[in-house]
Every structure is written in structure tokens, then in C-alpha cells.
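Everything on this sheet refers to the single structure shown next.
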Amino acid sequence: MKRSAARRRTKLFGLLRAFRDAAVALPDALVAVDADYRIRWFNTAAGSMLGIDYPRDLDRRLVDAVAIPGLKEWIDGGGIDPLSDVTSPRDPELHLSLRLIPYAEGHALLLVRDVSQLLRVEKMRRDFVANVSHELRTPLTVVHGYLDLIEPEQIPEFESIIRELRSQSRRMTQIVEDLLTLSRLDAEETLPMSRVAIRPLVTTLHRDAEGLSRGRHTISASIEGPHDLQGSSRDLYSAFSNLVSNAVRYTPVGGHIRIVWTSNAQGGRLSVIDTGHGISPQHLPRLTERFYRVSTSRSRETGGTGLGLSIVKHVLQLHDAHLEIESEPGKGSTFSCVFNPEQLLLPELVSEES
Numbered sequence: 011m012k013r014s015a016a017r018r019r020t021k022l023f024g025l026l027r028a029f030r031d032a033a034v035a036l037p038d039a040l041v042a043v044d045a046d047y048r049i050r051w052f053n054t055a056a057g058s059m060l061g062i063d064y065p066r067d068l069d070r071r072l073v074d075a076v077a078i079p080g081l082k083e084w085i086d087g088g089g090i091d092p093l094s095d096v097t098s099p100r101d102p103e104l105h106l107s108l109r110l111i112p113y114a115e116g117h118a119l120l121l122v123r124d125v126s127q128l129l130r131v132e133k134m135r136r137d138f139v140a141n142v143s144h145e146l147r148t149p150l151t152v153v154h155g156y157l158d159l160i161e162p163e164q165i166p167e168f169e170s171i172i173r174e175l176r177s178q179s180r181r182m183t184q185i186v187e188d189l190l191t192l193s194r195l196d197a198e199e200t201l202p203m204s205r206v207a208i209r210p211l212v213t214t215l216h217r218d219a220e221g222l223s224r225g226r227h228t229i230s231a232s233i234e235g236p237h238d239l240q241g242s243s244r245d246l247y248s249a250f251s252n253l254v255s256n257a258v259r260y261t262p263v264g265g266h267i268r269i270v271w272t273s274n275a276q277g278g279r280l281s282v283i284d285t286g287h288g289i290s291p292q293h294l295p296r297l298t299e300r301f302y303r304v305s306t307s308r309s310r311e312t313g314g315t316g317l318g319l320s321i322v323k324h325v326l327q328l329h330d331a332h333l334e335i336e337s338e339p340g341k342g343s344t345f346s347c348v349f350n351p352e353q354l355l356l357p358e359l360v361s362e363e364s
């Protein structure tokens, strides 16, 4: 029995040594912390990425040993979401992504990954899209201009062809403009913020919807709450108008479209509610992906570019807001832009002249 127990211990120690050696050899940084977030163990990569050293930093609190801005707030918040794109305290050229993984009672594992190469590739992609879109804008403008000079009625045999060429030229121009907008939003870390008055904005959206609908739908707008928004007027209008134009495009003739602003102490919400075809649940998580289409044929018929909801998502992210989508086939859809209380402003008081 003693020999058997000794063999089991030897085998267990061998397995533990193998796991430790494998963890040490990983290219990702691993840091084991206790309930007080004191460092209990870390691998070699953690030293090069986070600037911690053995044995100096053993038993030190993670926030004292690792000089990363925002780390304490992230940990105090529970580290539920990854802390992305932070600069390494050891090497400013390294960009890191941090995840906190609980693995036992009162213990957690900090996983740190070098995402520098991914960010470089992403920047190359953004630059490529922006450059190509910019180069396409001029020739498309020229083509569209010449097509507008041609009167289809003067060439009856080519009338349908010319009208189709005009339609596709406008659609390609809109795709290029949307791509340029997305490239600009991708490159922005913050937007110029100012007061965005909700009442005139909702009035403008209502008027735009009626212009797009041309009497084919019943359109209404309402405001429930006193607050304005703190944000970029141009970009918020772009996001909201994308939701309104989508509702008009995909709602059958005779349908009802509502634009509703509600606000209170918990936050604000601008909703666009339609009685359109609705969307199946499997499509909802992917709606904000670029060029994702629920129905390719319907999008082409209505002139959609497949980029509108991507623009909405990016604009809202830059306002610390998010998009909520509720939809059911045959019962319409509700697209809501949800804002935190920090983005709300009470109306300015207008002094009365005596």
C-alpha cells in the first residue's frame, strides 16, 4: 500500500510538473490570483507583457504590481467583459487584451493575449477600405453625372436600360458613402460632443420618413420625457435616420411606423417601431454585421446597402450606448437606441425678458 501510494504521488507530481511546464511555455500570459487579487503564480510571458518579476511581485496585489490604466476599475467591476487594447507597461509597442477567468472558490486566472498583430491587420483593412472607397467616389460621380444628362424619353429603345443604370449608379454611390462613413467611425476614438435637442431631431426624422414613404404608410412620432442628448448631432442623426429609412423600406404599403423618444432617470431610448415583415430569431445576432442581409433579393429591390445597421452600431458605441432589436416574423420590428443616464441633459432654461 505504501509503494502504491508513493507511485500515485510520483505520478501526480509528474502531471503537475507537466501542467506547470506547459503553462510556462504558453505564449499568452497567465497570472493566478487569490480572492484579494494577490499574485500567487505567473508564467514567463506575464513578465514580458505585464512587467512583473519573480520573486519580487509574488503576493503583491495585481493592481500594485501591474501599471495598466483602468485595471483597478476593471477588476472592481468584476472583470466580466474583456479589457481590450491596453498598452503593455513593459513594451509600448505591445497591445494587450485581458480576460479574468474564475476557476475555483476565491481564485481567478488572468489571461493576457498580445493582439498587436490583429490590430495591425485590422488597421490595414480599414485603410484599404477607406482608400478604395475614396478612389471610387470620383469615377462614380462622373458616371452618375453623365447618366443624368441623358434623357431616357429621347431614346425610347434604351429607356429601361438608362433608368436601371441610374438606379445602380446611385446605389453604388451610396455604398461608397456608407463605407467612407464606417471608415471614419472606425478611426474615431471619441466624437465632438454637444447638446442634441431631441424635439427638433424627432421632428426632422418624422419629416424624413414622410418624404421617403410618399404617403404609402401611416407615420407618427412622440416624445415622452424631458431630456436632450449629449452627443454628436451629425452622427446621431445619421444613425437614427438609418433606422427610419430601413423601417420605410421594409414595411409594406399601408403599414404603420412610429418614432418614439422616451427618457427618465434610468436613461433614454429612441425607438423606431414598424409593422413590417419581421425578422426570424436566427438573424437577429448578425444584423449589425457589414453587408449581412436577411433577404438579398428584398434588399436589392429596396436599394439597401447592407451597411446601415453597422453605422448605427458604431455611432452608438462611440456614445456609450447600444442597439436593442425586437422582432417577430409577421408582427414587425422594434429597433431601439438605448442611452445611459450620463448621456442625458435636462432642457436649457430660457429666461423671459421683462
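When we follow the working numbering, the leftmost residue of the sequence shown carries the number 11, and every step to the right adds one. All C-beta atoms in this analysis are idealised placements derived from N, C-alpha and C, irrespective of residue type, glycine included.
Asked, Found
"CB contact flag (TYR113, LEU119, <8 Å)", "yes"
"ILE171 versus PRO149 - alpha carbon distance", "20 Å"
"Environment of PHE52 [buried if 16+ CB atoms lie within 10 Å]", "buried"
"Distance CB(ILE3)-CB(HIS216) smaller than 8 Å", "Not covered by the structure: residue 3. The range shown for the chain is 11 to 364."
"For ARG209 and GLN276, the rounded distance between their alpha carbons", "20 Å"
"Endpoints, beta strand (DSSP E) assigned at PRO149", "Not the beta strand (DSSP E): PRO149 falls in the alpha helix (DSSP H), residues 126-159."
"Chain-order list of residues whose beta-carbon lies under 7 Å from that of VAL360 (same chain, five-residue window excluded)", "Because VAL360 carries a pLDDT of 47, less than 50, the predicted location of this residue cannot be relied on, and the following value inherits that uncertainty. Excluding sequence neighbours, VAL360 sits near nothing in its chain."
"The alpha helix (DSSP H) enclosing SER320, as first and last residue numbers", "318-327"
"With 16 other Cβ atoms within 10 Å as the buried cut-off, status of SER14", "exposed"
"Beta-carbon contacts of ASP69 that lie in its chain and below 6 Å, excluding the five residues immediately before and after", "ARG48"
"Local conformation of GLY24 per DSSP, three classes", "helix"
"With 16 other Cβ atoms within 10 Å as the buried cut-off, status of LYS133", "exposed"
"Given ARG389 as reference, the closest of ASP46, SER126, GLY116 once Cα atoms are compared", "Outside the displayed span of the chain (11 to 364) sits residue 389, for which this structure offers no information."
"Per-residue DSSP class, three states only, for SER223", "helix"
"Cβ neighbours of THR315 in the same chain (closer than 6 Å, five flanking residues each side left out)", "GLN184, ILE185, ASP188"
"Those residues which DSSP pairs with VAL122 across a bridge", "ALA39, LEU108"
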